[in-house]
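Sequential numbering of the sequence shown, starting at 335, is according to my numbering.
Ideal placement from N, C-alpha and C gives every residue a C-beta, glycine not left out.
In this text, all values refer to a predicted model and were calculated from it rather than measured experimentally.
Here is the structure we will look at, set down as structure tokens.
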Amino acid sequence: MNEKELYERWVRLVRQLEKNRIIKSERVKKAFLNVPRYKFVSERYRHYAHVDEPLPIPAGQTISAPHMVAIMLELADLKEGMNVLEIGTGSGWNAALIYELVKRDVYTIERIPELVEFAKRNLERAGYKDKVHVILGDGTKGFPPKAPYDRIIVTAGAPKVPEPLIEQLKVGGKLIIPVGNYHLWQELYEVIKLDEKGKTKIINHGGVAFVPLIGEHGWRE
């Protein structure tokens, strides 16, 4: 399947997500059209990138299903100029989508060295080398050098909301994070920081399934 055919299939999926009201905004739709998932998977999975399911990536991890990525980006309500931190780089796809929505440098933390290199290669090929910055580290600690953040988006399931991530949010900022069990069952939280003391409002958006968030303020390996 050539690039043209891959993109045509991707466009059909994006239109279906829009029809099903998963993609609700023109901005998220445009980002999806600009950043097709097939550019962020291994060669053997490129022909499946338009299927609305998770796909394997190196180190036993997954790239999320397109509908799940769209849901989280719509909840995040990203605006141009926002300072955004992503926890769990994986393939780099979500970070590239975030860049398309905020049009400023995006910082993303990944704990697995193999995935750091995988994401960097994908991002460079897709034209995001100097726009998305992949950092090897424990994402549950956040990334203080670039805090405070307007938004923090976590792409793995935590046992509870990590306190450092709340501390690194701006007042009025949002944290989007799956919280729940270790194995593939969590609830998607929208956490809004209400004041400098760390008071929050949590909105539960229902069941999701993510790999575990490993780290000092997450699950232990």
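Inspect the beta-carbon positions of Val495 and Ile511 and report whether they are closer than 8 angstroms. Yes; because the gap between Cβ atoms is below 8 angstroms, this pair is in contact.
Between the alpha carbons of Lys465 and Val418, how many angstroms are there, rounded? If you draw a straight line from the Cα of Lys465 to the Cα of Val418, it is about 12 angstroms long.
Select from Ser359, Lys363, Ile391 and Val385 the residue whose C-alpha is nearest the C-alpha of Phe374. For Phe374, the nearest C-alpha among the options comes from Ile391.
Beta-carbon gap between His551 and Lys475 smaller than 8 angstroms: Taking 8 angstroms as the Cβ cut-off, His551 and Lys475 qualify as a contacting pair.
Does DSSP put Ala492 in a helix, a strand or coil? Here Ala492 sits in strand by DSSP.
Report the start-end ranges of each alpha helix (DSSP H) in the region 354–384 that is 4 residues or longer and not cut off at the edges. Correct list: 360–368.
Hey, could you find the ends of the alpha helix (DSSP H) Leu533 is sitting in? The question names Leu, but residue 533 in the sequence shown is Lys. It is not in any alpha helix (DSSP H) - Lys533 carries neither H nor E in the DSSP assignment.
To the nearest angstrom, how far is the alpha carbon of Leu407 from that of Trp553? A straight line joining the alpha-carbon of Leu407 with that of Trp553 spans about 24 angstroms.
Cβ atoms of Leu457 and Ile432: under 8 angstroms apart, would you say? Not in contact: Ile432 and Leu457 (Cβ atoms no closer than 8 angstroms).
Return helix, strand or coil for Tyr523, following the three-state DSSP convention. In the three-state DSSP reduction, Tyr523 falls in the strand class (E or B).
Is DSSP giving Lys504 helix, strand or coil here? Three-state result, Lys504: strand.
On the DSSP letters alone, give me the boundaries of the beta strand (DSSP E) that Val466 sits inside. Start and end: Val466 to Leu470.
Relative to the C-alpha of Lys531, which residue among Leu503, Ser359 and Ile469 is closest? Ranking Leu503, Ser359 and Ile469 by Cα distance to Lys531 puts Leu503 first.
For Leu470, which option in Arg380, Gln520 and Lys454 has the closest C-alpha, if you only look at C-alpha atoms? Ranked by how close their Cα comes to the Cα of Leu470, the residues Arg380, Gln520 and Lys454 have Lys454 in first place.
Helix, strand or coil: which one does DSSP assign to Glu387? Three-state result, Glu387: coil.
Beta-carbon spacing of Val488, Gly422 below 8 angstroms: Gly422 is positioned such that its CB atom lies closer than 8 angstroms to that of Val488.
Out of Val545, Phe544, Glu521 and Ala543, which one is the CA nearest neighbour of Ile537? Of the listed residues, the one whose Cα sits closest to Ile537 is Glu521.
Flag this pair as yes or no: are the beta carbons of Glu497 and Lys508 separated by less than 8 angstroms? No, they are not a contact pair.
Which of helix, strand or coil does DSSP assign to Ile446? Ile446 falls in the coil class under three-state DSSP.
Select from Val440, Phe452 and Ile397 the residue whose C-alpha is nearest the C-alpha of Val545. Nearest C-alpha to Val545: Ile397.
Name the residue from Trp519, Gly506 and Met416 whose alpha carbon lies nearest to the alpha carbon of Asp529. Nearest of Trp519, Gly506 and Met416 to Asp529, Cα basis: Gly506.
Same chain, Cβ closer than 6 angstroms to Ala383, five either side skipped, listed in chain order: Within the same chain, Ala383 has close Cβ partners Arg371, Tyr372 and Val375.
Three-state secondary structure (DSSP) at Glu342? In this structure, Glu342 counts as helix in the three-state DSSP scheme.
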